[in-house]
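Numbering (the numbering used here), first residue to last: 3 to 109.
Okay, so here's the structure we're looking at.
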Amino acid sequence: MILTTTHNIEGFKIVDYLGIVTGTAYDSSYYSNGTKMSFKDMFSMSKYYEKYTLGLEAIKEKAFQNLKDNALKLGANAVVGIQLDVEPLANSSTLLVSITGTAVKAE
């Protein structure tokens, strides 16, 4: 499946616009590969940023997979105009990733 932030796909012609699709995912940004950051690691900035980055990447990947699944349900082979939003949930270490785009058929 082609995923792009642009509204067209170079070398392809969009033959049908199928609708807006979204993909969302949320989780603690302090988790990475199923392991939680230790209290001690929270005071090591390099470990903190490493775990935070890996956690965010995992959440983002889940959201993209949800986006692709929703586009496939509509019969799409591409999603154009993708926008990504990352929001921290208040008073927690949880991040919400929301991805929106337009499902299309391209040839």
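Every residue gets a Cβ at the ideal spot worked out from N, C-alpha and C, and that includes glycine.
Within this structure, are the beta carbons of G83 and T26 separated by less than 8 Å?
Within the sequence shown, the letter at position 81 stands for residue 83. Within the sequence shown, the letter at position 24 stands for residue 26. Not in contact: G83 and T26 (Cβ atoms no closer than 8 Å).
Taking 8 Å as the threshold (C-beta atoms), are Y28 and L76 in contact?
Counted from its first residue, the sequence shown places residue 76 at position 74. Counted from its first residue, the sequence shown places residue 28 at position 26. Result no, Cβ atoms of L76 and Y28 do not sit closer than 8 Å.
According to DSSP, is A73 helix, strand or coil?
By 1-based counting over the sequence shown, the position of residue 73 is 71. Correct three-state label for A73: helix.
If we call anything under 8 Å between Cβ atoms a contact, is I16 one with N79?
Counting from 1 along the sequence shown, the entry for residue 16 is found at position 14. Counting from 1 along the sequence shown, the entry for residue 79 is found at position 77. Their beta carbons are not under 8 Å apart, which means I16 does not touch N79 by this criterion.
Taking only the alpha-carbon atoms, compute the straight-line gap between I11 and L91 and give it to the nearest angstrom.
Counting from 1 along the sequence shown, the entry for residue 11 is found at position 9. Counting from 1 along the sequence shown, the entry for residue 91 is found at position 89. If you take the alpha carbons of I11 and L91, they lie about 34 Å apart.
Is the distance from the Cβ of T104 to the Cβ of Q85 below 8 Å?
Here residue 104 refers to the residue found at position 102 when the sequence shown is read from its first residue. Here residue 85 refers to the residue found at position 83 when the sequence shown is read from its first residue. Not closer than 8 Å, so no.
On the criterion of 16 or more Cβ atoms from any shown chain inside 10 Å, does N72 qualify as buried, or is it exposed?
Within the sequence shown, numbered from 1, the residue matching residue 72 stands at position 70. Under this definition N72 is a buried residue.
Looking at the strands, I want to know which residues DSSP matches up with K107.
Position 105 of the sequence shown, counted from the first residue, corresponds to residue 107. Answer by DSSP bridge pairing, in chain order: D18.
Helix, strand or coil: which one does DSSP assign to E12?
By one-based count along the sequence shown, residue 12 stands at place 10. Judged by DSSP in its simplified three-state form, E12 adopts coil rather than helix or strand.
Buried or exposed for G57, please, with buried defined as at least 16 other CB atoms from any protein chain shown within 10 angstroms of its CB.
The residue labelled residue 57 in the question sits at position 55 within the sequence shown. Taking every protein chain shown into account, the CB of G57 has 16 or more other CB atoms within 10 angstroms, so this residue is buried.
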